[in-house]
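Going by full-length UniProt numbering, the first residue of the sequence shown is number 1, and it counts up by one from there. Just so it is clear, CB atoms sit at the ideal spot from N, CA and C, and this is done for glycine as well.
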Amino acid sequence: MLQPRPSALLSALNALPRRSPAFLRHIAAQRCRRAYSLQIDTESDPKLAGIEPSKLSVAKTTTPKDLLPPEELVFGRNFTDHMLSIEWTASEGWLAPRITPYQNLSLDPATCVFHYAFECFEGMKAYKDSHGHIRLFRPDRNMARLNKSSARIALPTFNGAALTDLISRFVKLDERFIPSARGYSLYLRPTMIGTQRTLGVGPPGSALLYVIASPVGPYYPTGFKAVSLEATDYAVRAWPGGVGDKKLGANYAPCIVPQMQAASRGFHQNLWLFGEEEYVTEVGTMNLFAAMKNKETGQNELLTAPLDGTILEGVTRDSILALARERLTKEGWKVEERKFTMRDLAEAADEGRLLEIFGAGTAAVVSPVRKISWRGRLVDCGLEEGKEAGPVAQRMKDWIEGIQYGDEEHPWSVKI
Ligand SMILES: Cc1ncc(COP(=O)(O)O)c(C=O)c1O
Numbered sequence: 001m002l003q004p005r006p007s008a009l010l011s012a013l014n015a016l017p018r019r020s021p022a023f024l025r026h027i028a029a030q031r032c033r034r035a036y037s038l039q040i041d042t043e044s045d046p047k048l049a050g051i052e053p054s055k056l057s058v059a060k061t062t063t064p065k066d067l068l069p070p071e072e073l074v075f076g077r078n079f080t081d082h083m084l085s086i087e088w089t090a091s092e093g094w095l096a097p098r099i100t101p102y103q104n105l106s107l108d109p110a111t112c113v114f115h116y117a118f119e120c121f122e123g124m125k126a127y128k129d130s131h132g133h134i135r136l137f138r139p140d141r142n143m144a145r146l147n148k149s150s151a152r153i154a155l156p157t158f159n160g161a162a163l164t165d166l167i168s169r170f171v172k173l174d175e176r177f178i179p180s181a182r183g184y185s186l187y188l189r190p191t192m193i194g195t196q197r198t199l200g201v202g203p204p205g206s207a208l209l210y211v212i213a214s215p216v217g218p219y220y221p222t223g224f225k226a227v228s229l230e231a232t233d234y235a236v237r238a239w240p241g242g243v244g245d246k247k248l249g250a251n252y253a254p255c256i257v258p259q260m261q262a263a264s265r266g267f268h269q270n271l272w273l274f275g276e277e278e279y280v281t282e283v284g285t286m287n288l289f290a291a292m293k294n295k296e297t298g299q300n301e302l303l304t305a306p307l308d309g310t311i312l313e314g315v316t317r318d319s320i321l322a323l324a325r326e327r328l329t330k331e332g333w334k335v336e337e338r339k340f341t342m343r344d345l346a347e348a349a350d351e352g353r354l355l356e357i358f359g360a361g362t363a364a365v366v367s368p369v370r371k372i373s374w375r376g377r378l379v380d381c382g383l384e385e386g387k388e389a390g391p392v393a394q395r396m397k398d399w400i401e402g403i404q405y406g407d408e409e410h411p412w413s414v415k416i
């Protein structure tokens, strides 16, 4: 049931001007809290079953696939032998998990996922370390984010530790698909869809949570390649109170046209700006970091946009922030989550204060940026001539990969 509104919050809310940004943020946050409390109530209803790893059944494939030579792997094209599936119904909760051979889904054409986009997903990886152990990187973060995404679109929430346990068993079963070489991994795609057969718009009465896995090679097989971006000023990816901060499939299809537009003008990716101020938010499907010297103090600063609804809460972003706070502040860096504009970047570039820009995400860890096209000019992002990455991006990649592949023992890397 809905929680009663705390009266202090209500009076603070009433004191705000009706259309002020603070009021609108409160309304958005409050609506999200309501959505979550409904979902969490559904999940913790004692009549409904939670995900139960002990009920897992495993049906192994009788036609194991041939492994591709690692150098032929293309992101997201090839899949392992099996998949993990867990069905949910509004009357029973989560049903017994199943590992089966990788197979097609059979869904009625009226299934709600096809009409109203009841779909959310995650992207995470399993790595093989130098001793042959398999490791996940911060799986708790992906589970928490998937729960936030599913709650937002009235799909069921679940116990993240239970799903991580099941994913671990699935990955171990298909372990032979993870190449041992550094830079290779098994990309995992947990996905949740509404499966109710209805054209009525409402909360799905049934859902399917499934996980598939795809072996992937290094993002930069021959070393970093810095990219050039086009700042997108005619389309908006996300806004406060919207859903761009959730990993919903519906957020991704509308990003393809701006990406194609950027590509048609020779840019690798587009840069998402927000508002009249042209705040810098994300690059393609990555978070964005800028390293620059402060205009007043000259101090080195590492900046990224705050979690205000206009960016996805990236696991890599969070890891970079934590490592920067632990390791770069000692060297005099200031690390900040704050808004900055395209104008700030251009001004820093003009004054020789822009040191580095890089994207951050699971696929590449970091992706250095050489130039940004904005308002008819090219902003030079500070990379030295002939270099493909700046020192901060390079060190972040080395540190994070060192943890992911177990060279550095760290609580983020979970041996399974
Ligand atoms: C829109 C968007 N932003 C940022 C990220 C980076 O997130 P993560 O570091 O968790 O991969 C992703 C990738 O999942 C994304 O789709």
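Within the same chain, Cβ atoms closer than 7 Å to the Cβ of Lys339 are found at Tyr279, Ala305 and Pro306, the five residues on either side in sequence being excluded. The beta carbons of Asn147 and Gly50 sit no closer together than 8 Å.
Closest option to Ile193, judged by alpha-carbon separation, among Pro368, Lys172 and Ala154: Ala154. The beta carbon of Phe170 sits closer than 8 Å to those of His82, Met83, Leu84, Ile99, Val211 and Ala213, all from its chain and outside the five residues before and after it, given in chain order. If you ignore the 5 residues before and after Trp239, its C-beta comes within less than 8 Å of the C-beta of Phe274, Gly309 and Thr310, all in its own chain and listed in chain order. The criterion of a C-beta distance shorter than 8 Å is satisfied by Met286 and Ala360. As for any beta strand (DSSP E) of minimum length 3 sitting wholly inside the region 296-322, the runs are 300-304, ordered along the chain. Residue burial annotation: Pro64 is exposed, with fewer than 16 other C-beta atoms found within 10 angstroms of its C-beta. When DSSP states are grouped into helix, strand and coil, Asp398 belongs to the helix group. Relative to ligand 1, Val113 has its C-beta separated by 7 Å or more from all heavy atoms. By the Cβ criterion, the region 330-339 is not in contact with the region 254-272, since fewer than three pairs of Cβ atoms, one from each stretch, lie closer than 8 Å. Glu331 sits exposed, since fewer than 16 C-beta atoms from the chains shown fall within 10 Å of its C-beta. Short note on Ala360: C-beta closer than 7 Å to some heavy atom of ligand 1.
Boundaries for Leu229: no alpha helix (DSSP H) harbours it, while the beta strand (DSSP E) harbouring it runs Val227 to Thr232, taken from the DSSP string. The criterion of a C-beta distance shorter than 8 Å is satisfied by Glu388 and Ala226. At a cut-off of 7 Å, the beta-carbon of Gly314 counts as near ligand 1: some heavy atom of the ligand is closer than that. The residues Leu345, Ala346, Ala349, Lys371 and Ile372, in chain order, have a CB closer than 7 Å to that of Val379 in the same chain once the five nearest residues on each side in sequence are set aside. At least one heavy atom of ligand 1 lies less than 7 Å from the C-beta of Asn287. For the region 62-122, the full-length alpha helix (DSSP H) segments reaching 4 residues or more read 112-116 along the chain. In the structure shown, Leu208 adopts extended strand secondary structure according to DSSP, grouped into three states.
Take the alpha-carbon of Phe358 and the one of Ala290: they are about 7 Å apart. In the three-state reduction of the DSSP assignment, Gln196 falls in the coil class.
Taken atom to atom, the span from the alpha-carbon of Gly241 to that of Ser149 is near 14 Å. Looking only at Met396, Ala231, Lys246 and Arg237, the smallest Cα-Cα distance to Arg265 is reached by Ala231.
Going by beta carbons, Ala207 and Trp88 fall inside the 8 Å limit.
DSSP assignment within the region 132-181 yields the following whole alpha helix (DSSP H) runs of 4 residues or more, N-terminal first: 139-152 and 160-173.
Its chain contains Val335 as the residues whose beta carbon lies nearer than 8 Å to that of Arg325, once the 5 sequence neighbours on both sides are disregarded; these appear in chain order. Between the alpha carbons of Arg145 and Ile256 lies a gap of roughly 23 Å. Taking each of Pro53, Phe79, Glu122 and Lys172 in turn and checking the Cα distance to Tyr102, the smallest one comes out for Phe79. Here the alpha carbon of Phe75 sits roughly 8 Å from the alpha carbon of Pro215. The alpha-carbon separation between Thr329 and Lys247 amounts to approximately 31 Å. Note that the region 102-112 touches the region 190-204; at least 3 beta-carbon pairs, one per stretch, sit closer than 8 Å. In the structure shown, Thr329 adopts helical secondary structure according to DSSP, grouped into three states. Within the DSSP secondary-structure output, Trp239 pairs in no beta bridge.
With distances taken between CA atoms, Thr61 lies nearest to Leu173 out of Asp129, Leu173 and Ser180. If you keep only unbroken alpha helix (DSSP H) runs of at least 4 residues inside the region 330-389, you get 342-350.
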